[in-house]
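Okay, so here's the structure we're looking at.
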Amino acid sequence: MSDIIHLLSDDIANKIAAGEVVVRPAAVVKELVENSVDAGASDIQLIIRDGGKALIQLVDDGCGMSETDARMSFERHATSKINTIDDLFSVRTMGFRGEALASIAAVAKVDLKTRRVNDELATNIVIEGSNLTKQELCQAPVGTNIAVKSLFYNVPARRKFLKSDSVETRHILEEFTRIALAHPGIRMSFFNNDKEVFRLPAQNLRQRIVSLFSRKHDERLVPVGEYTDIVNVEGFIGKPEFAKKSKGEQFFFVNDRFIKSGYLHHAVMSAYQDFLEPKQQPLYVLKLQLDPTRLDINVHPSKHEVKFEDEKHIYTIVAAAVRHALSKFSVTPTLDFEADPSFNRHEFFSGPKDVLVDNPVREGSGNTFLKRHQDLMDDRPKDDSWKQFYELDKSEPHPANELDVLAESSELELVQVNGKFILMPTESGFLLIDQRRAHQRILLERLETAVGGFPSQKLLFPQTIPLSIGEVQRFEQHSEVINQLGFQLEVFGKDSLVVHASPADLSIENLAQLVEDVLADLQVNGVSNPRASVARQLALHGAIKHGQKLNKPEMQKLVNELFACQQPNYGIRKDKTFLTYSNDQLDKAFFL
Ligand code: ADP
Ligand code: MG
0 MSDIIHLLSD
10 DIANKIAAGE
20 VVVRPAAVVK
30 ELVENSVDAG
40 ASDIQLIIRD
50 GGKALIQLVD
60 DGCGMSETDA
70 RMSFERHATS
80 KINTIDDLFS
90 VRTMGFRGEA
100 LASIAAVAKV
110 DLKTRRVNDE
120 LATNIVIEGS
130 NLTKQELCQA
140 PVGTNIAVKS
150 LFYNVPARRK
160 FLKSDSVETR
170 HILEEFTRIA
180 LAHPGIRMSF
190 FNNDKEVFRL
200 PAQNLRQRIV
210 SLFSRKHDER
220 LVPVGEYTDI
230 VNVEGFIGKP
240 EFAKKSKGEQ
250 FFFVNDRFIK
260 SGYLHHAVMS
270 AYQDFLEPKQ
280 QPLYVLKLQL
290 DPTRLDINVH
300 PSKHEVKFED
310 EKHIYTIVAA
320 AVRHALSKFS
330 VTPTLDFEAD
340 PSFNRHEFFS
350 GPKDVLVDNP
360 VREGSGNTFL
370 KRHQDLMDDR
380 PKDDSWKQFY
390 ELDKSEPHPA
400 NELDVLAESS
410 ELELVQVNGK
420 FILMPTESGF
430 LLIDQRRAHQ
440 RILLERLETA
450 VGGFPSQKLL
460 FPQTIPLSIG
470 EVQRFEQHSE
480 VINQLGFQLE
490 VFGKDSLVVH
500 ASPADLSIEN
510 LAQLVEDVLA
520 DLQVNGVSNP
530 RASVARQLAL
540 HGAIKHGQKL
550 NKPEMQKLVN
560 ELFACQQPNY
570 GIRKDKTFLT
580 YSNDQLDKAF
590 FL
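Once you know that position 235 of the sequence shown is 234 in numbering that gives the first Met the number 0, the rest is easy, because the numbers rise by one and skip nothing.
Next up, the structure:
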């Protein structure tokens, strides 16, 4: 028998590679626009026809290419962007694989005109299905003009799988939007079937968001800026009241590259948790800048995913960044009273929020990250004014006293408002209690003071939770505390835990998430007070949620338990558990 293994021809190899890089017209757009960005363009025009199936053209004013480079650029693994394997770990350009042009030219007809600033003439190259059909000098402006025509003309099977023009156009628009947000300083325009869709001048990020989405967005944006040794987070988030049911306006960029990350999305959502109804999605455009050697962008061929070396820290910093932005702008759940200017919003909403319950700043600990992290989590103004807030607060009549009087005389008239708040009349006005925060406070104190341990509840079926090896190690380090608070957890293999029982009487919706959050919290706060850290996560997860209907006795119990707490006024994050409205204030509000 003769040998049967042979090398594939370049043509076939390119077509196979194209299957990875060029899945649809939008992928071509992404590669070409990224090349223009890498070429240092300050002006980029995108022109498409028929959903990109007939034409995708990019015109830029970037550095252009020499005649030889223009020819080379279509070879596989031909790139000007990295030389050595070390470069791969510090790459700052969008492209680096040197695959895109070769792949595109394998499955389309490509016409390239390119000129460098000091060359008199431009180079024109035409390649059809990997075959060079023209190479000559011509007249053309500085920069690169590349037209990709008849995509998949020689791969009918793929052409058949393209969606309608309008669907493909939507995908292209999505890519355009991502790159336009990543590089607001670049002029960008977009023409679809000869109609101008966008003409964006060089802008700052805020203006770019407004230009891309709508003018109304301007007032909906809250700036974010968090600067740490590990990562800088900048950008904008949307005010909670403008949250939508869809995820369309959510963008993460890492070193100016659009990425998708369920993990970081979760970090953002955790910061919004008290502000949004279930299923509501806030806008965010968040840009992370970090040392490129501390991330791996190479995990997926289409490069939308990245792997961070400091994943957990980045999670915490992103969450803190969003929380800070929200609290700095006093964005709070909208109450009807807010509309009335005579209500001094400041009075109710100012003051420290989000301060972790256990937050000793360990001076001179030598651990700058920990210190930095605690600063981050601590929203107290850096001067002393917050102290006054606490002191003022102490001098207020303790509501528990007021309650005692009421409770003796009659049953409380409690009303649940919007599945979120409990309205409670008092002699001098009324209180509006946030049911979720109130319950978090109750649970926190119960968990913290449970001597000997917290009751647990056996699961009908033990649940296995896949984790990272690091998380399992952290569990082992703190297993005693965790199991004392009602868990029965056991290590299973290198990278999972089995849950046999969970703390009793908590409304835990997502046990796996709870365990992950407990371990994440322990990583940051476990050194100083592991028990407080576990208790905090249990209370956060286990409290009744917004939207949960409560009957009279349940409300009564909640209110009684809240005011039996040591610190009824504050929730877990030192946010208010209730607001007080005095008759005086109400009278004034009506008459002013
Ligand atoms: P990569 O971007 O990964 O290097 P590509 O196949 O996308 O690979 O491009 C190959 C090379 O062609 C690039 O490294 C660059 O030198 C050159 N090139 C591509 N597009 C442009 C452009 N618009 N302007 C200048 N040079 C370009
Ligand atoms: Mg490229």
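Every residue gets a Cβ at the ideal spot worked out from N, C-alpha and C, and that includes glycine.
Along the chain, where does the alpha helix (DSSP H) containing residue i start, and where does it finish?
i: aspartate 110; result: Element bounds for aspartate 110: not the alpha helix (DSSP H) but the beta strand (DSSP E), 108-114.
i: histidine 499; result: No alpha helix (DSSP H) contains histidine 499, which is instead part of the beta strand (DSSP E) from 495-502.
i: isoleucine 507; result: Isoleucine 507 -> no alpha helix (DSSP H), and no H or E assigned at all.
i: leucine 594; result: Absent from the structure is residue 594, since the part of the chain shown begins at 0 and ends at 591.
i: glycine 247; result: First-last for glycine 247: undefined, no H or E at that position.
i: proline 155; result: 155-160
i: phenylalanine 151; result: Here phenylalanine 151 belongs to no alpha helix (DSSP H), and DSSP marks it neither H nor E.
i: serine 65; result: That residue, serine 65, is in no alpha helix (DSSP H); it is neither H nor E in DSSP.
Identify the residues that DSSP records as bridge partners of residue i: which are they?
i: arginine 256; result: Val253
i: phenylalanine 605; result: Absent from the structure is residue 605, since the part of the chain shown begins at 0 and ends at 591.
i: leucine 446; result: DSSP output for leucine 446 lists no bridge partner at all.
i: valine 196; result: Answer is none; valine 196 lacks a bridge partner.
i: aspartate 433; result: Phe420
i: proline 222; result: Phe235
i: threonine 78; result: Threonine 78 is not bridged to any residue.
i: arginine 48; result: Leu54
i: histidine 127; result: Strictly speaking, residue 127 in this sequence is glutamate, with histidine absent from that position. BP columns for glutamate 127 point to Lys108 and Asn130.
i: isoleucine 11; result: Answer by DSSP bridge pairing: none, since isoleucine 11 is not bridged.
i: tyrosine 283; result: Ile236 and Gln249
i: isoleucine 43; result: Asp59 and Met187
i: leucine 136; result: Thr122
i: glutamine 456; result: Ser501
i: glycine 428; result: Thr425 and Ser581
i: isoleucine 464; result: Leu496
First and last residue of the beta strand (DSSP E) that includes residue i?
i: alanine 25; result: From DSSP, alanine 25 is part of no beta strand (DSSP E) but of the alpha helix (DSSP H) over 24-37.
i: asparagine 482; result: Asparagine 482 -> not in any beta strand (DSSP E); alpha helix (DSSP H) instead, spanning 468-483.
i: alanine 146; result: 142-148
i: leucine 211; result: Per DSSP, leucine 211 belongs to no beta strand (DSSP E); it is in the alpha helix (DSSP H), 204-211.
i: valine 490; result: 487-491
i: isoleucine 171; result: It is not in any beta strand (DSSP E) - isoleucine 171 instead sits in the alpha helix (DSSP H) that spans 164-181.
i: serine 639; result: Within the shown structure, residues of the chain are numbered from 0 to 591, placing residue 639 beyond reach of any answer.
With distance defined between alpha-carbon atoms, name the residue in the options nearest to residue i.
i: valine 22; options: Gly142, Val154, Gln134 and Ile124; result: Val154
i: glutamate 606; options: Asp60, Gly546, Lys286 and Ile208; result: With the chain covering only 0 through 591, there is no way to say anything about residue 606.
i: glycine 224; options: Leu484, Arg572, Lys327 and Ala107; result: Lys327
i: phenylalanine 453; options: Asp295, Ala538, Gln434 and Gly428; result: Ala538
i: aspartate 580; options: Lys133, Arg70, Leu430 and Asp60; result: A quick correction: the sequence has tyrosine, not aspartate, at residue 580. Checked all of Lys133, Arg70, Leu430 and Asp60; the closest Cα to tyrosine 580 is Leu430.
i: serine 65; options: Val526, Thr143, Ile55 and Ala26; result: Thr143
i: serine 72; options: Leu275, Gly51 and Glu98; result: Glu98
i: leucine 289; options: Ala324, Lys259 and Thr227; result: Thr227
i: alanine 181; options: Ser427, Glu412, Glu33 and Leu466; result: Glu33
i: alanine 40; options: Ala25, Leu294 and Asp60; result: Asp60
i: glycine 50; options: Ala105, Val116 and Leu150; result: Leu150
i: arginine 114; options: Leu172, Leu100, Arg70 and Gly63; result: Gly63
i: leucine 263; options: Glu276, Val321 and Asp255; result: Val321
i: asparagine 550; options: Arg214, Phe577, Val141 and Glu412; result: Glu412
i: glycine 492; options: Ala101, Val471 and Asp68; result: Val471
i: asparagine 203; options: Arg186, Phe197 and Ser213; result: Arg186
i: alanine 179; options: Ala146, Gln565, Lys29 and Leu521; result: Lys29
i: lysine 311; options: Ile124, Arg473 and His5; result: Arg473
Review point. Are the region 124-136 and the region 161-170 touching, with three or more C-beta to C-beta distances below 8 Å?
Key: For the pair of segments examined, the region 124-136 was found not to touch the region 161-170: the number of CB pairs separated by less than 8 Å stays below three.
**Study point:** Cβ contact (3+ pairs, closer than 8 Å) linking the region 205-222 and the region 235-253
**Key:** The region 205-222 is in contact with the region 235-253.
Exercise for review: Determine contact between the region 489-501 and the region 416-426, defined as no fewer than three beta-carbon pairs at a distance below 8 Å.
Suggested key: The region 489-501 vs the region 416-426: no contact.
Practice item. Could you name each continuous beta strand (DSSP E) segment of 3 residues or more that falls completely within the region 512-584, going from the start of the chain to the end? Key: Segments of the beta strand (DSSP E) lying fully in the region 512-584: 577-581.
Point to revise | Meets three-Cβ-pair contact criterion under 8 Å: the region 509-528 and the region 554-561 | key: Verdict: no, contact absent.
Practice item. Count the C-beta pairs between the region 436-453 and the region 580-588 that are closer than 8 Å, then say yes if the count reaches three, no if not. Key: By the C-beta criterion, the region 436-453 is judged not to be in contact with the region 580-588, since fewer than 3 inter-stretch pairs fall below 8 Å.
Check your understanding: Taking contact to mean at least 3 C-beta pairs separated by less than 8 Å, is the region 518-528 in contact with the region 473-483?
Key -> The region 518-528, when compared against the region 473-483, does touch it at the 8 Å Cβ threshold.
Point to revise | contact_flag[the region 182-196, the region 45-65] where n(CB pairs < 8 Å) is 3 or more | key: Taking a contact to require three or more Cβ pairs closer than 8 Å, the region 182-196 and the region 45-65 qualify as touching.
Review point. Residue ranges of each alpha helix (DSSP H) run of no fewer than 4 residues wholly in the region 288-329, ordered along the chain?
Key: Fully contained in the region 288-329 are the following alpha helix (DSSP H) runs of length 4 or more, in chain order: 310-327.
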